[in-house]
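Data block below; observations after.
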Amino acid sequence: MDTKKLTRIAMIAAVYTALCFAPGLNMIAFGQIQVRLAEALTMLPLIYQPAIAGVTLGCFLSNLIGAMTGLNPTGMLDSVIGTAATLLAAYFTWKFRDRKVNGIPVLSILMPVVFNFFFVGAELAYLFMPDSFITGLFINGFFVAVGEIIACTLGYILVRQLAKKDIFKE
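If you read the sequence shown in numbering that gives the first Met the number 0, its first letter stands for residue 0, the second for the next number, and so on.
The structure is reproduced here in structure tokens:
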């Protein structure tokens with residue numbers, strides 16, 4: 000891997016982490032009802048495949064730091080479960096980037112919503128509603144999915160603008 004690509008991956012991870020801990024945003028980035036605006040970056044694989052690694056690393060660091068500082072109520076479990084959801088979401092965002100409806104990669108945009116609904120929804124249900132896991136999965140998954148729809152919509156708008164620039168040209 001060349002230095003330029005590694006630097007871009009590190010920058011994406013740093014921006015993701017910074018967005019999770021920015022004052023005001025840090026209070027909505029973790030928990031049962033969340034809008035993690037950093038998840039907008041899961042749309043970057045639409046235009047830059049190495050962004051998968053950057054977003055995944057950023058998510059891992061954010062979840063780990065959040066657990067260590069007490070900001071993330073799900074603790075270290077989120078470092079594994081949440082990161083896996085983001086990795087899979089970013090990968091499938093890239094994988095389905097060419098499947099479009101009226102020029103919009105709808106399936107790609109929905110990948111973070113779907114993966115986080117199930118992974119993070121299940122994680123939150125396990126931790127906070129263990130006696131009614133299925134109900135908890137759907138309730139928590141719904142709230143996480145709403146936050147993901149917001150983040151991914153913003154991310155798609157961002158990616159459309161970035162695609163016009165040469166920032167991710169090889």
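By construction, the Cβ of each residue, glycine as well, lies at the ideal position given by its N, Cα and C atoms.
Since I believe Phe118 is in contact with Gly65 (beta carbons under 8 Å), could you give me their beta-carbon distance rounded to a whole number of angstroms?
The pair is not a contact, with the Cβ atoms about 16 Å apart (cut-off 8 Å).
Look at the Cβ atom of Met10, then the Cβ atom of Leu157, and state whether they are nearer than 8 Å.
It is not a contact, given that the beta carbons lie outside the stated cut-off.
Using 8 Å as the threshold, is the stretch 62-79 in touch with the stretch 108-127, meaning 3 or more CB pairs across them?
In short, these stretches touch, since the Cβ pair count reaches three.
Decide if Phe59 is buried, meaning its Cβ has at least 16 other Cβ atoms within 10 Å, or exposed.
Flag for Phe59 reads buried.
For Glu38, count neighbouring Cβ atoms within 10 angstroms of its own Cβ and tell me buried if that reaches 16, exposed if not.
Its Cβ being crowded by 16 or more others within 10 Å, Glu38 is buried.
Let me check one thing: in DSSP terms, what residues is Val100 bridge-paired to?
BP columns for Val100 point to Ile103.
Mapping the DSSP letters down to three states, classify Tyr47 as helix, strand or coil.
Residue state, collapsed to three classes: coil.
Identify whether Leu126 lies in helix, strand or coil by the three-state DSSP scheme.
Looking at Leu126 - three-state DSSP - the assignment turns out to be helix.
When the distance is taken between beta carbons, is Ala88 closer than 8 Å to Pro111?
Going by C-beta atoms, Pro111 is nearer than 8 Å to Ala88.
Over what stretch of residues does the alpha helix (DSSP H) that includes Arg7 continue unbroken?
It spans Thr2 to Phe20 - the alpha helix (DSSP H) in which Arg7 sits, taken as one unbroken run.
Give a yes or no on whether the C-beta atoms belonging to Cys19 and Arg35 are separated by under 8 Å.
Yes, the pair counts as a contact, with Cβ atoms nearer than the cut-off.
Check each candidate in Asp1, Lys94 and Gln33 and name the one with the smallest Cα separation from Pro44.
Nearest of Asp1, Lys94 and Gln33 to Pro44, Cα basis: Lys94.
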